[in-house]
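Input: a single structure, listed below in structure tokens.
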Amino acid sequence: MIPPDVLVIAPFRQPTFRFGIAADYKHQEPWDSPPFLMAGAVEAAGFSARLLQLINIFPGYSEEAHGAILSQLLRASHAEVVLFVADHFIASRSTAALYGMRQVVAHMAHSGMRPLFGATGRIATALGRRLFELCPDLNFLVAGEAESVIGDVLGPAVRRDLEAMAAHPNVLVNGWGTRSHAEAAFLSDPNAAALPAYHLAGDMMRAFERIFGAPPQNIPFSIRTSLGCRLQCRFCAGVPNWNRYRLKSPERVETEIDLLTKHCGAFARLSFLEDELFTVDDAHVDAVCALLQRRALVLDGVYTHSAFLTGRSAAALATVTRHVYFGLDSADDAILKHMKKGQRFENALAAIELAEKAGLAVALEWIIGSPGETRDNLIHSLNMIYNLLATGTVDNINTYVYCPHPGTAFAEAAEEYGIEVLSGLDWIQESGGFPAARTQTLTRNEIFTAYLMSQLVILEAKDARHKIGPARKVSSANYPYMRRLLGLIAEADVAAEHDRALVTAVSS
Numbered sequence: 001m002i003p004p005d006v007l008v009i010a011p012f013r014q015p016t017f018r019f020g021i022a023a024d025y026k027h028q029e030p031w032d033s034p035p036f037l038m039a040g041a042v043e044a045a046g047f048s049a050r051l052l053q054l055i056n057i058f059p060g061y062s063e064e065a066h067g068a069i070l071s072q073l074l075r076a077s078h079a080e081v082v083l084f085v086a087d088h089f090i091a092s093r094s095t096a097a098l099y100g101m102r103q104v105v106a107h108m109a110h111s112g113m114r115p116l117f118g119a120t121g122r123i124a125t126a127l128g129r130r131l132f133e134l135c136p137d138l139n140f141l142v143a144g145e146a147e148s149v150i151g152d153v154l155g156p157a158v159r160r161d162l163e164a165m166a167a168h169p170n171v172l173v174n175g176w177g178t179r180s181h182a183e184a185a186f187l188s189d190p191n192a193a194a195l196p197a198y199h200l201a202g203d204m205m206r207a208f209e210r211i212f213g214a215p216p217q218n219i220p221f222s223i224r225t226s227l228g229c230r231l232q233c234r235f236c237a238g239v240p241n242w243n244r245y246r247l248k249s250p251e252r253v254e255t256e257i258d259l260l261t262k263h264c265g266a267f268a269r270l271s272f273l274e275d276e277l278f279t280v281d282d283a284h285v286d287a288v289c290a291l292l293q294r295r296a297l298v299l300d301g302v303y304t305h306s307a308f309l310t311g312r313s314a315a316a317l318a319t320v321t322r323h324v325y326f327g328l329d330s331a332d333d334a335i336l337k338h339m340k341k342g343q344r345f346e347n348a349l350a351a352i353e354l355a356e357k358a359g360l361a362v363a364l365e366w367i368i369g370s371p372g373e374t375r376d377n378l379i380h381s382l383n384m385i386y387n388l389l390a391t392g393t394v395d396n397i398n399t400y401v402y403c404p405h406p407g408t409a410f411a412e413a414a415e416e417y418g419i420e421v422l423s424g425l426d427w428i429q430e431s432g433g434f435p436a437a438r439t440q441t442l443t444r445n446e447i448f449t450a451y452l453m454s455q456l457v458i459l460e461a462k463d464a465r466h467k468i469g470p471a472r473k474v475s476s477a478n479y480p481y482m483r484r485l486l487g488l489i490a491e492a493d494v495a496a497e498h499d500r501a502l503v504t505a506v507s508s
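Listed below in structure tokens is the structure:
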């Protein structure tokens, strides 16, 4: 096999508790489009490429179980440049990628491979030169929507002309220059970008079969039909050009879907749209839903915000998706305002009613332990999660641990917002991750316990609704008991900190 010029890698993250419990835990996330788009841009610029979407191949990476396989995959893909690709918009797909970057670099060094290592995506854009401190063997990064400039960067990268790379406005080179951040590249016309390289998926599926012990089938894939977001939430927004909302044309979306079907149809299905806000433009929704309907494609879900769902868009969505997902994130209006969420709880309820009238099942996204939340806020959230599910007001709720993602307003001004970040980026994972931060009002164990409680509440409320039907009334919370329970958890944290401080004092 002829070595490629560029090996595009979507790095895996540190495993969460699910994969600690069972290495083959049946929890699969969609195969996202950014690595395929980057590989397509690499090839369009005249370079040969291979692709390893390690985030999906190793959802619960263990050095003991998977280290030898990882080394074999990397040795078989020896390249002049290794380009780490993380999502530019979705922080949960990017921040914790640092863990996989470090592991890949270490494995390649152990095998005697010395390619030039580069990084793209939100983590590179938000951290800038700080990323080199966290991953010293990284040689360069490209800030912003890197697929728009990657061809200009790879020429000098393949030649190892670091001086020329350092002169590029969208590039930082480790050990060259003093800029803290590079100018963020901007993809002004997403329709002009190179098409995703879905033809490179075959090698990954062979690796997938080897690891999971079964041939790949019905693998969820996702695509993006718009770029950017109209909102500026303090826990989410965090990269330049975030609010420069752009649409792909229906023709471009159709071409991407047809390419996915052509090259991956035997083992893949289109599961999700990656858009932060799919329903901003009714005409766009109509056109994309029409082409999905022509292909008899039914999605698992699309994401939007209560302010951007109309009767027209809801009716169109009802023909092509099982769920519409709203980011509710809290049932408390004061917390929503603190987040700059751009909605009140009553707005979300109105959007839920609108969606359900159109025949859409509604799912909510909910953050546990946001800055500003108190124990009473946690209790209220848990109670509302139960009641919304038990009464059948919504079909499903997904809860997440608050994460201080780099670049976000909360994380960049952590002290101002009463946040103390206690873990490195490796630990910043929303779905099942242990909280990386504590707040002025909540300890990490309080937040994590409330998150685990929410998972149990969701499971049992849905199960009861299925077996005996929707609840006919709203159930109140026992605040005195829950305050005491969460207080006991906090007391245990304080006691543990006291013990650690005592041991440190005695040792010194």
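If you read the sequence shown in the UniProt record's numbering, its first letter stands for residue 1, the second for the next number, and so on. The C-beta atom is built at its ideal place from N, Cα and C for all residues, glycine as well.
- Between SER330 and THR399 the beta-carbon gap is near 11 Å, outside 8 Å, which marks them as no contact.
- By the Cβ neighbour-count rule, ASP189 is exposed, with fewer than 16 other Cβ atoms within 10 Å of its own.
- By the 16-neighbour rule on beta-carbons within 10 angstroms, ALA157 is buried.
- It is roughly 7 Å from the alpha-carbon of GLY151 to the alpha-carbon of ALA41.
- Taking 8 Å as the cut-off, the Cβ atoms of PRO3 and ALA79 count as close.
- The three-state reading of DSSP puts ILE428 in coil, since its state is none of H, G, I, E or B.
- Looking at the backbone, the Cα of GLU446 and that of HIS263 are separated by about 47 Å.
- Around the beta-carbon of VAL494, fewer than 16 other beta-carbon atoms lie within 10 Å, marking it exposed.
- Membership of SER313 in the alpha helix (DSSP H) is indicated by the continuous run 311 to 317.
- Cβ contact annotation for LEU260 (same chain, cutoff 8 Å, sequence separation greater than five): PRO196, TYR198, PHE221, ILE223, ALA268 and LEU270, in chain order.
- By the criterion of at least three beta-carbon pairs nearer than 8 Å, the region 332 to 342 is not in contact with the region 434 to 451.
- Distance from the CA of ALA76 to the CA of ALA96, rounded to the nearest whole angstrom, comes to 25 Å.
- In this structure, DSSP gives PRO404 a state outside helix and strand, which the three-state scheme calls coil.
- The bridge partners DSSP lists for LEU273 are ILE223.
- One thing to note: ALA184 has its Cβ within 8 Å of the Cβ of ASN241.
- Between ASP87 and PRO34, the CB-CB gap stays under 8 Å.
- Ranked by Cα distance from ALA413, the first of GLY155, ALA192, ASP258 and GLY238 is GLY238.
- The C-beta separation of SER306 from ASN347 comes to about 5 Å, placing the pair in contact by the 8 Å criterion.
- In the three-state DSSP reduction, ASN191 falls in the helix class (H, G or I).
- Taking the CA atoms as reference points, GLN217 sits about 46 Å from ASN478.
- In terms of Cα proximity to HIS27, the closest of ILE57, LEU364, ALA164 and ARG322 is ILE57.
- A distance below 7 Å between beta-carbons, with the five flanking residues on each side excluded, links ILE397 to the following residues of its chain, in chain order: ALA363, LEU364, TRP366, ILE385, LEU388, LEU389 and ILE458.
- Closest by C-alpha distance to GLU29, out of ARG93, ALA119, TYR303 and GLU256, is ARG93.
- It is roughly 37 Å from the alpha-carbon of LEU131 to the alpha-carbon of LEU382.
- The shortest C-alpha to C-alpha distance from ILE219 to any of ALA334, THR120, THR449 and TRP31 is the one to TRP31.
- Under DSSP, ARG50 takes part in a beta bridge, and its partners are LEU7.
- Under the three-state reduction of DSSP output, GLY118 falls in the strand class.
- Along the length of the region 57 to 115, whole beta strand (DSSP E) runs at least 3 residues long occupy 81 to 85, reported in chain order.
- Counted as a single uninterrupted DSSP element, the alpha helix (DSSP H) harbouring LEU354 occupies residues 345 to 357.
- For PHE17, the enclosing alpha helix (DSSP H) has its first and last residue at 17 to 21.
- With a threshold of 16 other beta carbon atoms within 10 Å, LYS467 falls short and is exposed.
- The criterion of a C-beta distance shorter than 8 Å is not satisfied by ALA316 and ASP281.
- Scanning GLU415, TYR25, LEU127 and PHE117 for the CA closest to the CA of PRO59 turns up TYR25.
- Residue range 302 to 304 is occupied by the beta strand (DSSP E) that includes VAL302.
- LEU200 is a Cβ neighbour of ALA49, given a cutoff of 8 Å.
- In the DSSP assignment, THR399 forms a beta bridge with TRP366.
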